[in-house]
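Enquirer: In this note's numbering, the protein residues as written are 370 to 702.
Think of the CB as a built atom: it goes at the ideal place given N, C-alpha and C, for glycine as much as any other residue.
These figures come from a predicted structure and were not determined experimentally.
#1: Considering only their Cβ atoms, is the gap separating residue 601 from residue 547 smaller than 9 Å?
#2: Tell me, to the nearest whole angstrom, how far the beta carbon of residue 630 is from that of residue 622; I am working on the premise that it is less than 8 Å.
#3: Mind the definition here: the region 631-650 touches the region 666-677 only if three or more C-beta pairs lie below 8 Å; say whether that holds.
#4: DSSP on residue 603, reduced to helix/strand/coil?
#5: Can you check whether the CB of residue 487 is closer than 9 Å to the CB of residue 462?
#6: For residue 401, count neighbouring Cβ atoms within 10 angstroms of its own Cβ and tell me buried if that reaches 16, exposed if not.
#7: In its own chain, which residues sit with a C-beta less than 7 Å from the C-beta of residue 408, not counting the 5 before and 5 after it?
#8: Consult DSSP for residue 420 and reduce its assignment to one of helix, strand or coil.
#9: Name the residue from 651, 405, 452 and 387 whose alpha carbon lies nearest to the alpha carbon of residue 633.
#10: Would you tell me roughly how many angstroms separate the C-alpha atoms of residue 558 and residue 666, rounded to the nearest one?
#11: Note the first and the last residue of the continuous alpha helix (DSSP H) segment covering residue 392.
#12: Give a yes or no on whether the C-beta atoms belonging to residue 526 and residue 504 are separated by under 9 Å.
#13: Going by DSSP, name the residue or residues bridged to residue 700.
#14: Buried or exposed: residue 698, going by 16 or more other Cβ atoms within 10 Å of its Cβ?
#15: Return the chain-ordered list of same chain residues with a C-beta closer than 8 Å to the C-beta of residue 414, the five sequence neighbours on each side being excluded.
#16: Comparing alpha-carbon positions, which option in 453, 607, 444 and 441 lies nearest residue 430?
#17: For the alpha helix (DSSP H) that residue 566 lies in, which residues bound it at each end?
#18: Which same chain residues end up closer than 8 Å to residue 396 when comparing Cβ atoms and leaving out the 5 residues on each side of it in sequence?
#19: Compute the beta-carbon to beta-carbon distance between residue 451 and residue 416, rounded to the nearest angstrom, for a pair I have assumed lies under 8 Å.
#20: Since residue 512 and residue 449 should fall inside the 8 Å C-beta cutoff, what is the C-beta to C-beta distance between them, to a whole number of angstroms?
#21: Taking DSSP's pairing of strands, which residues face residue 678 in a bridge?
#22: Tell me, which residues are paired with residue 662 by DSSP?
#23: Is residue 399 close to chain C? Criterion is C-beta to C-beta, closer than 9 Å.
#24: Taking only the alpha-carbon atoms, compute the straight-line gap between residue 606 and residue 404 and give it to the nearest angstrom.
#25: Rounded to whole angstroms, what's the CA-CA distance from residue 549 to residue 702? Just pull it up for me.
#26: Thinking just about the alpha-carbon of each residue, which of 567, 502, 510 and 530 is nearest to the one in residue 519?
#27: Residue 511 lies in the beta strand (DSSP E); which residues open and close that run?
#28: Pull up the distance between the alpha-carbon of residue 599 and that of residue 676, whole angstroms please.
#29: Shortest alpha-carbon distance to residue 433 belongs to which of 637, 681, 689 and 420?
#30: On the criterion of 16 or more Cβ atoms from any shown chain inside 10 Å, does residue 662 qualify as buried, or is it exposed?
#31: For my contact list, residue 686 and residue 649 are in at a C-beta cut-off of 8 Å; report their separation, rounded to the angstrom.
Set out below in structure tokens:
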């Protein structure tokens, strides 16, 4: 196994510009505590340096659209994301010199396409991109387990190519049908492929109590989706290497007085399977095909879920991937 020193020697050192330090200082000055101010300052510098690296590698970025560049989100969360159009959000986690591990808050475990660790020197004059990992499952990420930056480029290239594949690439037929109109569901009008939950999902799986992962827009304030509102399910075949693997996609709708509609998307194992296959990913794509939210199953997860809200007329797509199989379906609210 590589040592942290060996990993760092393979990294790339870049200067931190005066402009970056000024922006980081400005963001930090609006924080409520010295600890939060230092956190935001280091997060900002890490994102800036990774953005510089991406520009050097001709990887498009949208720095201004990143949560880490939003003062409101900075106050509420520990985020250091960088938006990569048509790929997703890359997390840029800062560490100080001689660190053996990198702290990754649980709030960013499920919404990122990868994690880059950036060592920032004490004088804030330079930073070293130490390495990356495509996923995390623990708050303390060992530096010694990071992959080299070359693997990051390969990883991002693969994700970019996958986003450009035509909808028929290894998908079920539902991926190229007309968009599912969720507003019609509120009038009890459903597409024939979407059935009552009870006819697709076993009753004992309709309200799992343990072993689940959830990502939401604001878990502290979002109201719980009531099972009695609108719920429909669909059986999906994923053509994996060793044959078909079936899962169930479940959609919950809950209209709100503000004309917002809260939407819950769940993926469950099909009948006869106690758990989802490890590594199955559920993602929500914006109209540009950029990843808005995503969650990935781990060992012994009996379902995964994403929750968000939208307004009438807004469109989004869901993507379910497992190994080389990919399923897409478009929705309009």
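Expert: By the coordinates alone:
#1: Against a cut-off of 9 Å, the Cβ pair of residue 601 and residue 547 comes out as no contact.
#2: Right, their Cβ atoms sit about 6 Å apart.
#3: By the Cβ test, the region 631-650 is in contact with the region 666-677, since at least three Cβ pairs between them sit closer than 8 Å.
#4: Residue 603: strand per DSSP, three-state reduction.
#5: In contact: residue 462 and residue 487 (Cβ atoms closer than 9 Å).
#6: Exposed is the label assigned to residue 401, since fewer than 16 other Cβ atoms lie within 10 Å of its Cβ.
#7: Excluding positions up to five away in sequence, the list reads 447.
#8: In this structure, residue 420 counts as helix in the three-state DSSP scheme.
#9: Nearest C-alpha to residue 633: 651.
#10: The C-alpha of residue 558 lies about 32 Å from the C-alpha of residue 666.
#11: Element bounds for residue 392: 387-398.
#12: In this structure, residue 504 does not lie closer than 9 Å to residue 526 by Cβ.
#13: 549 and 685.
#14: So residue 698 counts as buried.
#15: The answer, listed in chain order, is 385, 389, 390, 393, 463, 487, 489, 493 and 496.
#16: Cα-wise, what sits closest to residue 430 is 453.
#17: That run of the alpha helix (DSSP H) goes 566-569.
#18: So the qualifying residues of the chain are 409, 410, 413, 440 and 443.
#19: About 5 Å separates the beta carbon of residue 451 from that of residue 416, a gap short enough to meet the 8 Å contact definition.
#20: With 8 Å as the limit, residue 512 and residue 449 do not qualify as a contact, their Cβ atoms being about 16 Å apart.
#21: Paired residue(s): 631.
#22: When DSSP reads this structure, residue 662 sits in a beta bridge with 653.
#23: The chain inventory of the structure shown lacks chain C, comprising one protein chain alone.
#24: Residue 606 and residue 404: Cα-Cα distance of roughly 49 Å.
#25: Taking the straight line joining both Cα atoms gives about 8 Å.
#26: Closest in alpha carbon position to residue 519, among 567, 502, 510 and 530, is 502.
#27: Residue 511 -> beta strand (DSSP E) spans 509-511.
#28: So the two alpha carbons sit approximately 14 Å from each other.
#29: Checking every option, the nearest Cα to that of residue 433 belongs to 420.
#30: Flag for residue 662 reads buried.
#31: Contact doesn't hold; Cβ gap of about 17 Å is too wide.
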